[in-house]
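Asker:
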Amino acid sequence: MNDAGENLPKRPNPTDEFVGGRVRMRRKMLGLSQEKLGEQLGVTFQQVQKYEKGTNRIGASRLQALARTLDVPISFFFPEATGESVPVGGMAEGQSPGFIMDFVASSEGLELTRAFARIKDGKVRRKIIDLVRSIADNDSSE
Numbered sequence: 001m002n003d004a005g006e007n008l009p010k011r012p013n014p015t016d017e018f019v020g021g022r023v024r025m026r027r028k029m030l031g032l033s034q035e036k037l038g039e040q041l042g043v044t045f046q047q048v049q050k051y052e053k054g055t056n057r058i059g060a061s062r063l064q065a066l067a068r069t070l071d072v073p074i075s076f077f078f079p080e081a082t083g084e085s086v087p088v089g090g091m092a093e094g095q096s097p098g099f100i101m102d103f104v105a106s107s108e109g110l111e112l113t114r115a116f117a118r119i120k121d122g123k124v125r126r127k128i129i130d131l132v133r134s135i136a137d138n139d140s141s142e
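Following full-length UniProt numbering from start to finish, the sequence shown increments by one per residue and tops out at 142.
1. Just the Cα atoms here: how many angstroms apart are residue 18 and residue 122?
2. Please confirm if the region 108-122 is in contact with the region 37-52, defined as three or more CB-CB distances below 8 Å between the two stretches.
3. Applying the 10 Å Cβ sphere with the 16-neighbour rule, what's the burial state of residue 59?
4. Using a 10 Å radius around the Cβ and a threshold of 16 neighbouring Cβ atoms, would you call residue 30 buried or exposed?
5. Do you know how far the Cα of residue 20 is from the Cα of residue 10?
6. In the structure shown, what three-state DSSP assignment does residue 102 receive?
7. Label residue 52 either buried or exposed according to how many other C-beta atoms from any shown protein chain fall within 10 Å of its C-beta, with 16 as the threshold for buried.
8. Give me the residue from 23, 135, 126 and 138 with the minimum Cα distance to residue 72.
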């Protein structure tokens with residue numbers, strides 16, 4: 001038996017990465033730094049980083065504290081449990097959930113999300129989605 005592969009770094013579990021990405025997204029939506037979130041949880045900012053990357057698993061009591069601190073239900077971290085669609089195999093329209101969460105947590109993503117959320121007219125929202133989809137389709141075909 002060959003032990004050559006034993007020294008390879010262990011890749012985080014996809015579920016831990018997903019939950020960590022949800023933590024990061026919500027933290028950024030609230031405008032909290034990793035340091036500030038860590039203070040509120042009683043952990044270091046490095047620990048928050050590890051949670052967000054999925055390299056350290058989040059225990060049940062810590063997840064409960066995160067949900068309380070980030071003002072979300074625990075189900076926020078597991079949308080598939082509430083019937084929200086989660087991409088099979090981690091892919092949705094060619095993008096991984098991590099990519100999407102990174103975008104939503106970026107300054108542009110947050111700005112876009114906040115502006116879009118202020119639009120109350122469903123027809124206007126649909127037109128914006130159609131416009132953005134059309135631009136994206138054009139951009140990817142060039």
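Cβ atoms here follow ideal geometry from the backbone N, Cα and C, with glycine treated the same way.
Answerer: Judging by the given coordinates:
1. Residue 18 sits at position 18 when you count from the first residue of the sequence shown. Residue 122 sits at position 122 when you count from the first residue of the sequence shown. Roughly 29 Å between the two C-alpha positions.
2. no
3. Position 59 of the sequence shown holds residue 59. Exposed.
4. As a working mapping, residue 30 is identified with position 30 in the sequence shown. By the neighbour-count rule (16 or more Cβ atoms within 10 Å), residue 30 is not buried but exposed.
5. In the sequence shown, counting from the first residue as 1, residue 10 sits at position 10. In the sequence shown, counting from the first residue as 1, residue 20 sits at position 20. Spanning the two alpha carbons is a distance of roughly 17 Å.
6. Here residue 102 is taken as the residue at index 102 of the sequence shown, counted from 1. Three-state DSSP puts residue 102 in a helix.
7. Indexing the sequence shown from 1 puts residue 52 at position 52. Flag for residue 52 reads buried.
8. Here the question's residue 72 lines up with position 72 in the sequence shown. The residue with the shortest Cα to Cα distance from residue 72 is 23.
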